[in-house]
Amino acid sequence: ETGYLIEASVPLKNDVWDIQLEHLGVLGFQTHLNGSSATDRDVKLIWSAADTADQSYNNPSLFGQLIFWDKSQ
3 ETGYLIEASV
13 PLKNDVWDIQ
23 LEHLGVLGFQ
33 THLNGSSATD
43 RDVKLIWSAA
53 DTADQSYNNP
63 SLFGQLIFWD
73 KSQ
């Protein structure tokens with residue numbers, strides 16, 4: 003009723019990377035969601051709680067973690 007639902011598709015293999023899936027495998031991950039009025043940004047939601055100063059675009063150590071889970075485990 004309130005909030006956001008986001009579904010994304012990212013290739014695990016392409017010309018730049020080859021992500022190997024394994025149970026509990028960890029990948030640095032960050033996403034931002036901006037909301038704005040007619041003239042400026044009013045709100046920004048960020049995946050990682052470590053990025054308190056909105057600097058993850060320039061500092062990957064502030065990314066959150068995406069953990070792969072094998073549902074058969």
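Residue 18 in our numbering sits at position 16 of the sequence shown, with consecutive numbering throughout.
Glycine included, each C-beta is placed from N, C-alpha and C at the ideal position.
Note that the structure is predicted; figures quoted are calculated from it, not measured.
Residue 68 sits away from residue 52, with the two beta carbons spaced by 7 Å or more. Taken in chain order, the complete beta strand (DSSP E) segments of 3 or more residues contained in the region 24-54 are 28-31, 34-38 and 43-48. A check of alpha carbon separations from residue 9 across 56, 46 and 35 identifies 35 as the nearest. Around the beta carbon of residue 58, a 10 Å sphere encloses 16 or more other beta carbons of the protein chains shown; the residue is thus reported as buried. In the DSSP secondary-structure assignment, residue 68 is bridged to 29.
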